[in-house]
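Residues 1 to 382, numbered by full-length UniProt numbering, are exactly what the sequence shown covers, in order. Glycine included, every Cβ here is placed at the ideal spot set by N, Cα and C. Some notes on the structure that comes next.
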Amino acid sequence: MPPAPALSPPPEVLNRAAHLEAPAFLLHRPTLVARLSALRAAWDAYAYPVKAQPHPDALAAAVALGLDLDVCGSEELDAALATGAEGHRITWTSPWGDAALFDRLASLGARAYLDSLDQVALWSARHPGRGAGLRLSAGPGTYGEKFGLAVADLPAALTHLRAAGCSLTGLHAHASVTAPDDPDELAAPALDVLAGAVGALDEPPATLRISLGGGWPVRPLTESAPSLGTALLEAARARLAEPLRQRGCTVTLAVEVGEHVLAPAGVYVARVAAVHDRAERRVVVLAAPWVVAPRYEDYPVGFFRPGRDGLHPLDTAPGPTTVYGASNGPADVVSRGAPLPRPQIGDLAIIGHCGAYLSTLMAPFNGRSMPPMLMVDESPAP
Ligand SMILES: Cc1ncc(COP(=O)(O)O)c(C=O)c1O
1 MPPAPALSPP
11 PEVLNRAAHL
21 EAPAFLLHRP
31 TLVARLSALR
41 AAWDAYAYPV
51 KAQPHPDALA
61 AAVALGLDLD
71 VCGSEELDAA
81 LATGAEGHRI
91 TWTSPWGDAA
101 LFDRLASLGA
111 RAYLDSLDQV
121 ALWSARHPGR
131 GAGLRLSAGP
141 GTYGEKFGLA
151 VADLPAALTH
161 LRAAGCSLTG
171 LHAHASVTAP
181 DDPDELAAPA
191 LDVLAGAVGA
201 LDEPPATLRI
211 SLGGGWPVRP
221 LTESAPSLGT
231 ALLEAARARL
241 AEPLRQRGCT
251 VTLAVEVGEH
261 VLAPAGVYVA
271 RVAAVHDRAE
281 RRVVVLAAPW
291 VVAPRYEDYP
301 VGFFRPGRDG
311 LHPLDTAPGP
321 TTVYGASNGP
331 ADVVSRGAPL
341 PRPQIGDLAI
351 IGHCGAYLST
361 LMAPFNGRSM
371 PPMLMVDESP
381 AP
């Protein structure tokens, strides 16, 4: 039996969970702020990926902490601008980009990382003389192989930009490292790709921003502070920034880490709809949507029973349990086989590590409304 995943929500989150109509997401502002600030302090720049957690208060917190905002389309650009963020604090990276979006980005002075030769051609044609960055493919990593230019296309992209008078402002590749703080485990094809690109620059610009993107894992589950990516940062300084510095180019090293930083700041609160005591394991079904194909099957889950004085964690003998959402497929597994106490219909399930993506990837299946995302602040001192 796998070890029980730890779930210990802060008291104010438990208190809020006791008084809401489930299902709902709760985002704990102090955790969010602490984790964002830690990573911001470690790197030269940090662009908050809006897609990972687009709650307006989360975006505002990121901007207040000095983060840039990374957007993937016009709706996210609207959300970024609604925070009051200045155009030059916005970065854009996406395989999809059309003329209207490019015009908006250029007029705002936002930082674009072009993803394909077609995007390079479109940008150069519409905005000659305006600098742009390039995103490079770093292999399958966390996202498959769908993002970025092949290194082999770099000379053609640079030639095209140069012909249009567009300087190179940045390079981007998702590092997607599994252990960003561990030099012994650091395997980042992105560093090889970027080092190759840096070496291929015949005339480096005076300044260059290099983003190592996101894709760090959310594990281990019990970690209370985020990884800072120190080993990755040191490797990037040695392999990318230093060679460029020797050629007169000042490098800003940036990250766009989303899930690793944001997930632990949020929980999902849902009621138990059904409990089946099968021979091999217990099955619990939530009265709530869940992502049809979540990335993990070991979210930390706690069961709580509402009482007059708040929520009480169930502490009966644990048994192997699989927890499902309420969609019509077998893939909406929240937690598979973890030892959990037996809940009853109507008990609350609190699921940890739900601060990123889940709220945006759920579907309102069965005609349900989408669960709200609520911000929770620290309780005032008694
Ligand atoms: C351009 C960009 N930046 C940052 C991220 C954040 O990635 P993660 O939340 O996996 O760290 C993504 C994820 O899709 C992305 O496409």
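Asked	Found
Distance cut-off 7 Å: D70 Cβ against heavy atoms of ligand 1	yes
Selection from A236, V334 and A150 that minimises the alpha carbon distance to P180	A236
For V13, the three-state DSSP class (helix, strand or coil)	helix
Proximity test, K146 beta-carbon vs ligand 1 heavy atom, cut-off 7 Å	no
V283 - DSSP class collapsed to helix/strand/coil	strand
Exposure of M1, with buried meaning 16 or more beta-carbon neighbours within 10 Å	The pLDDT assigned to M1 is 46, lower than 50, so where the model puts this residue is not dependable; a value taken from the coordinates is nonetheless given after this. Looking at its Cβ environment, which holds fewer than 16 other Cβ atoms inside 10 Å, M1 is exposed.
Buried versus exposed call for W96 [16 or more other C-beta atoms within 10 Å across all chains shown]	exposed
Cα-Cα separation between G213 and A85, rounded to whole angstroms	20 Å
Any non-hydrogen atom of ligand 1 closer than 7 Å to Y268 Cβ	no
Beta bridge counterpart(s) of L171 as assigned by DSSP	L134 and I210
Cβ pair G196, V151 closer than 8 Å	yes
Inter-residue Cα distance where the pair is P9 and L69	28 Å
Where P264 falls, given that 16 or more other Cβ within 10 Å makes a residue buried	buried
Beta-carbon contacts of T316 that lie in its chain and below 8 Å, excluding the five residues immediately before and after	P341 and R342
Residues near V323 by beta carbon distance below 6 Å, same chain, minus five either side	V284, V301, V334 and S335
Outcome for I345 when other beta-carbon atoms lying within 10 angstroms are tallied against a minimum of 16	exposed
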